[in-house]
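Number of protein chains: 2
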Amino acid sequence: MWLPIDPRSPKPVYQQVVDAVKEAVAKGMLEPGDRMPAVRELASQLTINHNTVARAYQELERDRVIEVLRGRGTFIATSRPCPDRDARVRAVAARIRELLIEAHHLQMNEEELLELFQVTLREWRQERRQAQA
Amino acid sequence: MWLPIDPRSPKPVYQQVVDAVKEAVAKGMLEPGDRMPAVRELASQLTINHNTVARAYQELERDRVIEVLRGRGTFIATSRPCPDRDARVRAVAARIRELLIEAHHLQMNEEELLELFQVTLREWRQERRQAQA
DNA sequence: CGCGTGTACCGGTACCACTGGTACACATAG
DNA sequence: CTATGTGTACCAGTGGTACCGGTACACGCG
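Respectively, the protein sequence lines represent chains W and D. 284 is the number of the first residue of the first sequence in the working numbering; add one for each residue after it. 284 is the number of the first residue of the second sequence in the working numbering; add one for each residue after it.
Right, here's the structure in full:
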């Protein structure tokens, strides 16, 4: 398994692992039931510490992206609703609000932002198609 | 001047100041030419350190939100393009991508996210109308 | 039992945010 | 000129977090 980790990024390494796994699942590169490498093994592959991988796994389990079975391993979970789904949807709305503010300071009106949204959506679908091939 | 600062938030205080000012400007609550409080004065009002306010002001000046005149004060800038505008637009697109990934894990398809976008846009316009009144 | 798994510590390093304080450079008013 | 108000630049110190390297524990399975 390979994940794009950049130790010089301002984003914490464990967060990079979390985001990369979420993206791989969203793209269909990782499917429910797939086995994740052991903490020490993935740490070795990414040349980072096992504790850092463990923290990423804990966050991914909290978000119901993976399932952890003590002594057996960790696996990609079958999609099911999160207990705090409503709160996370509201968090998404808050991030959209941030985009509206940012767009204003870039002298971009709401219609242009909406168009950027749709362009990005098309690119995302394209990426996902290629990833599954 | 009042800004919603939460010292217990994981978001750095200086960043909260930056975001709050940007939001106030985007809403029209602060207009070009308006004077900002002095660093020590705003620090006193928010019960934070003047260095923290100074850092926020520097970031706001870098983003062309305010204009700083040594010895005179700081003022809301007239909107004008940023030198690194393209990079910031690309950053917005990257944040949209993150929303698409998050939406997938919330079992929300792209159409639902688009609808959430439009609903949030309507709410944003509503807020802005009230703020300007 | 032995092995592989996730988990939980610990000590230590490094970086960053924030505070409190002081000092400096500049613009303006008296 | 001085005095005042401004942004800016330091510094030392504190607290929190990310990360590392190491060790140890608890569980599932063969």
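Just so it is clear, CB atoms sit at the ideal spot from N, CA and C, and this is done for glycine as well. No experiment lies behind these values; they were computed from the predicted model shown.
Problem set entry | Of the listed residues D:His333, D:Ala321, D:Ile359, nearest to Glu314 of chain D (C-alpha basis) | In the second sequence, residue 314 of chain D corresponds to position 31, counting from 1. Residue D:Ile359 is the option with its Cα nearest to Glu314 of chain D.
Problem set entry | Residues of the region 363-374 of chain D with Cβ closer than 9 Å to any Cβ of chain W, in chain order | Arg363, Pro364, Cys365, Arg368, Arg371, Val372, Ala374
Exercise. If Val372 of chain D and Leu389 of chain W are in contact, beta carbons under 8 Å, what's the gap, nearest whole angstrom?
Worked result: Within the second sequence, numbered from 1, the residue matching residue 372 of chain D stands at position 89. Within the first sequence, numbered from 1, the residue matching residue 389 of chain W stands at position 106. That pair is a contact at about 6 Å.
Exercise. In terms of residues, what are the limits of the beta strand (DSSP E) holding Gly349 of chain W?
Worked result: Taking the first sequence and counting its residues from 1, the one referred to as residue 349 of chain W is at position 66. The amino acid at residue 349 of chain W is misidentified as Gly; the sequence shows Ile. Residues 349-352.
For this session: Measuring only between beta-carbons, confirm whether Leu383 of chain D sits less than 7 Å from chain W.
Result: Locating residue 383 of chain D in the second sequence gives position 100, counting from the first residue. Answer yes: the Cβ-Cβ gap between Leu383 of chain D and chain W drops below 7 Å somewhere.
Exercise. When DSSP builds the beta bridges, which residues end up paired with Thr357 of chain D?
Worked result: By 1-based counting over the second sequence, the position of residue 357 of chain D is 74. Looking at the DSSP assignment, Thr357 of chain D forms a beta bridge with D:Met319, D:Val351.
Exercise. For the alpha helix (DSSP H) that Lys294 of chain D lies in, which residues bound it at each end?
Worked result: Position 11 of the second sequence holds residue 294 of chain D. Neither: Lys294 of chain D is in no alpha helix (DSSP H) and is coded neither H nor E.
Problem set entry | Gln409 of chain W and Gly311 of chain W closer than 7 Å at C-beta | Here residue 409 of chain W is taken as the residue at index 126 of the first sequence, counted from 1. Here residue 311 of chain W is taken as the residue at index 28 of the first sequence, counted from 1. No. Outside cutoff.
Exercise. Does the region 385-401 of chain W touch the region 395-405 of chain D, meaning 3 or more C-beta pairs lie closer than 8 Å?
Worked result: yes
Exercise. Closer than 7 Å, CB to CB, is Ala303 of chain D near chain W or not?
Worked result: As a first step, residue 303 of chain D must be located in the second sequence, where it is residue number 20. Cβ-Cβ to chain W under 7 Å: no for Ala303 of chain D.
Problem set entry | Closest Cα partner of Tyr340 of chain D within the set D:Glu406, D:Leu383, D:Gln298 | The residue labelled residue 340 of chain D in the question sits at position 57 within the second sequence. That would be D:Gln298, whose Cα lies nearest to the Cα of Tyr340 of chain D.
Exercise. Going by alpha carbons, who is nearest to Val322 of chain W out of W:Gly354, W:Ala376, W:Gly316, W:Arg291?
Worked result: The residue you call residue 322 of chain W lines up with position 39 of the first sequence. It is W:Gly354.
For this session: Closer than 9 Å, Cβ to Cβ, to anything on chain W: give me those residues from the region 383-408 of chain D, in chain order.
Result: Leu383, Ile384, Glu385, Ala386, His387, His388, Leu389, Gln390, Met391, Glu393, Leu396, Leu397, Leu399, Phe400, Gln401, Val402, Thr403, Leu404, Glu406, Trp407, Arg408
For this session: Tell me where the alpha helix (DSSP H) around Gln401 of chain D begins and ends.
Result: Here residue 401 of chain D corresponds to residue number 118 of the second sequence, with the count starting at 1. Segment 393-415, the alpha helix (DSSP H) holding Gln401 of chain D.
Exercise. Is Ala414 of chain D close to chain W, meaning its C-beta is less than 7 Å from at least one C-beta of that chain?
Worked result: Position 131 of the second sequence, counting from 1, holds the residue named residue 414 of chain D. Judged by the 7 Å Cβ criterion, Ala414 of chain D is not in contact with chain W.
Problem set entry | Buried versus exposed call for Trp285 of chain D [16 or more other C-beta atoms within 10 Å across all chains shown] | Here the question's residue 285 of chain D lines up with position 2 in the second sequence. Looking at its Cβ environment, which holds fewer than 16 other Cβ atoms inside 10 Å, Trp285 of chain D is exposed.
Exercise. For Val351 of chain W versus Thr357 of chain W, is the C-beta distance shorter than 7 Å?
Worked result: Here residue 351 of chain W is taken as the residue at index 68 of the first sequence, counted from 1. Here residue 357 of chain W is taken as the residue at index 74 of the first sequence, counted from 1. Against a cut-off of 7 Å, the Cβ pair of Thr357 of chain W and Val351 of chain W comes out as a contact.
Exercise. Between Lys305 of chain D and the rest of its own chain, which residues show a CB-CB distance below 7 Å, the 5 nearest in sequence each way excluded?
Worked result: For the purposes of this step, residue 305 of chain D is identified with residue 22 of the second sequence, where counting begins at 1. Within the same chain, Lys305 of chain D has close Cβ partners Val348.
Exercise. Chain W partners of Ile359 of chain D, CB-CB under 7 Å?
Worked result: Reading the second sequence from its first residue, position 76 is the one you call residue 359 of chain D. Chain W residues near Ile359 of chain D: none, gap ~12 Å exceeds 7 Å.
Exercise. Going along chain D, which residues have a C-beta under 9 Å from Ala309 of chain W?
Worked result: Along the first sequence, read from residue 1 onward, the residue named residue 309 of chain W stands at position 26. In chain order: Leu383, Ile384, Glu385, Ala386, His387, His388.
Problem set entry | Min CB distance Ile379 of chain D to chain W below 7 Å | Start at 1 with the first residue of the second sequence, and residue 379 of chain D comes out as number 96. Yes, Ile379 of chain D counts as interfacial toward chain W.
Exercise. Under a three-way DSSP split, which group does Asn334 of chain D fall into?
Worked result: Here residue 334 of chain D refers to the residue found at position 51 of the second sequence. If DSSP states are grouped into helix, strand and coil, Asn334 of chain D belongs with the helices.
Exercise. What's the gap between the Cα of Ile288 of chain W and the Cα of Gln328 of chain W?
Worked result: Numbered from its first residue, the first sequence carries residue 288 of chain W at position 5. Numbered from its first residue, the first sequence carries residue 328 of chain W at position 45. Using only the alpha carbons, I get a separation of about 11 Å.
For this session: Return the CA-CA distance between Arg405 of chain W and Ile379 of chain D, expressed in angstroms with no decimal places.
Result: On the first sequence, residue 405 of chain W is found 122 positions in, with the first residue counted as 1. On the second sequence, residue 379 of chain D is found 96 positions in, with the first residue counted as 1. Answer to the nearest angstrom: the Cα atoms are 12 Å apart.
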